[in-house]
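Going by the working numbering, the letters in the sequence shown line up with residues 80 to 484, in that order.
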Amino acid sequence: MSAVKLTEGIYWVGAVDWNIRHFHGPAYSTHHGVTYNSYLIIDEKVALVDTVFTPFADELIGNISDVIDPARIDYVIANHVEVDHSGALPRLMSIIPNARVFCSLKGVDEFKKHYAPASGWEFHPVKTGQELKLGKRTLSFIEAPMLHWPDSMFTYVKEDGILMSNDAFGQHIATTGRFDDEVNEHELMREAAKYYANILMPFSVLVLRKLKELQDMKIPVNMIAPSHGIIWRKDPGRIIDAYAKWAEGKPVGPAAPGMLVVYETMWGSTEKMAKAILQGAIDEGVDARLYRLFGTDESDIITELLTARALVVGCSTINRGILPTVSSFLDEVRGLKPVRKIGAAFGSYGWNGGAVETIEERLRTAGIELAEPGLGLKWVPTPEELESCRELGRKIARRVRAGQA
Ligand code: FEO
């Protein structure tokens, strides 16, 4: 895909990765691909903001060449060292060895550890509030540590009100349209939520702090140009508002599940329990979703967890513990630190229990409040026992409803 104009003198020159299906190793499924955004700003001086993932270096250089000879780049602004944004930088720097590289102080260290040639680059570490004059335009830097790495920062084009926010406000999606008014809104918001849930959720406190900082700066934001996915030009406030809600575990819009019932089963007993719990939620009029972990993509469930109020987890007992799919899922949940969640555990067992206790401990460790005592049932559940599962579902659903009121 060739260069696309954002406004006079500012161009998207990134790359669309249509075929990538996993990001961060296997952790994050990218059913709809990924886009690496890089921005070229042409003024008396020429600046490039971020590059692209290593295999797309030729595409980046080709897109820059659509607009200007790449050798004319004076400054590279590296908002973030992670390889999806900097992988093409060594190749680019071989063309422009005298270009100055602007990044955060932590970025300098990280670059030198990532790329051997970086020891020869002319780095200019910057802090929040520092500016770089290009001619008519001015770039202003805003440090954003842990959004997504310690080195992360934003670059703000003052005269145009364009916030180049790197990972923040991004989505993993491959599209022919580059702007929010050119793509399906529902798909866009769903991918933005998935991105937040799987990448930024552990840093929600910092997200809220950064949103407040931006608000206090009173800078006009006419466009948000992240380094992944779609550029927010029609309504940049929409994604800012969504981040404020997601950071507090609240849904954006009405169509969000209140309860997730996530389970794994050996011979079907725990599955019967899961379905009875789900029925309890339905009895109470709560939107609930049922997921068996085997064969289900964890990162899709995590997306639902971003805004769901309750997480009810079940597993058959094996060796006094839990099955690997449940263990993996709970590990992921613990690492992502969801906020404002209630939970409960359930599962069947044979001669010894163990799964319910293990799940409860893991939910507590993840910061999830146990709303009801765990429910363990021996062998195959009787109709009466399934009624107790349904009642568990009703009780949790009432807590969900109370929280939604
Ligand atoms: Fe898109 Fe943290 O890299």
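Think of the CB as a built atom: it goes at the ideal place given N, C-alpha and C, for glycine as much as any other residue.
By the neighbour-count criterion, in which a residue is buried when 16 or more other Cβ atoms sit within 10 angstroms of its Cβ, G393 is buried.
As the crow flies, the alpha-carbon of L285 is around 34 Å from that of I143.
Nearest in C-alpha terms to I120, of all of F102, D145, G112 and I152, is I152. Not one heavy atom of the ligand FEO sits closer than 7 Å to the Cβ of D96.
Scanning its chain for C-beta atoms nearer than 7 Å, with the 5 sequence neighbours on each side dropped, one finds around T234 the residues V128, I156, N158, L218, F220 and M243, in chain order. Under the three-pair Cβ rule at 8 Å, the stretch 340-349 does not count as touching the stretch 275-290. H307 is bridged by DSSP to Y115. Rounded to the nearest angstrom, the Cβ distance from G422 to L390 is 5 Å, consistent with a contact under 8 Å. The beta carbon of Y194 sits closer than 6 Å to the beta carbons of P169 from its chain, once the five residues preceding and following it are set aside; these are given in chain order. For the pair F408 and L372, the CB atoms are nearer than the 8 Å cut-off. With a threshold of 16 other beta carbon atoms within 10 Å, Q250 meets it and is buried. Here K192 carries a helix assignment [DSSP, helix/strand/coil]. K354 is not a Cβ neighbour of P460, given a cutoff of 8 Å. For the alpha helix (DSSP H) assignment, the uninterrupted runs of no fewer than 4 residues enclosed by the stretch 155-179 are, from N- to C-terminal side, 162-165 and 168-174. Excluding five sequence positions before and after V435, the CB atoms of its chain that fall closer than 6 Å to its own CB belong to A424, G426, G453 and G455, given in chain order.
Where F202 is concerned, the enclosing beta strand (DSSP E) starts and stops at E201 to P204. CA-CA distance, W200 to K124, rounds to 18 Å. Counting other Cβ atoms within 10 Å of its Cβ, P134 stays below 16 and is therefore classed as exposed. Relative to the ligand FEO, the beta carbon of D230 is positioned no closer than 7 Å to any heavy atom. C-alpha of E189 to C-alpha of H103: approximately 18 Å in a straight line. Counting along the chain, E439 sits inside the alpha helix (DSSP H) bounded by residues A434 to T444. The C-beta separation of I241 from M296 comes to about 14 Å, leaving the pair out of contact by the 8 Å criterion.
Residues C394, A434, T437 and I438 of the same chain have their beta carbon placed closer than 7 Å to that of I401, with the five preceding and five following residues left out of the count. As the crow flies, the alpha-carbon of D122 is around 21 Å from that of I310. Placement of the Cβ of D145 at a distance of 7 Å or more from every heavy atom of the ligand FEO is found. Comparing alpha carbon positions, the residue from R419, S467, A387 and R413 closest to T444 is R413.
Between the C-alpha atoms of G429 and W458 there is a straight-line separation of about 5 Å. Counted as a single uninterrupted DSSP element, the alpha helix (DSSP H) harbouring M352 occupies residues S348 to D362. With at least 16 other beta carbons inside 10 angstroms of its own, W325 counts as buried.
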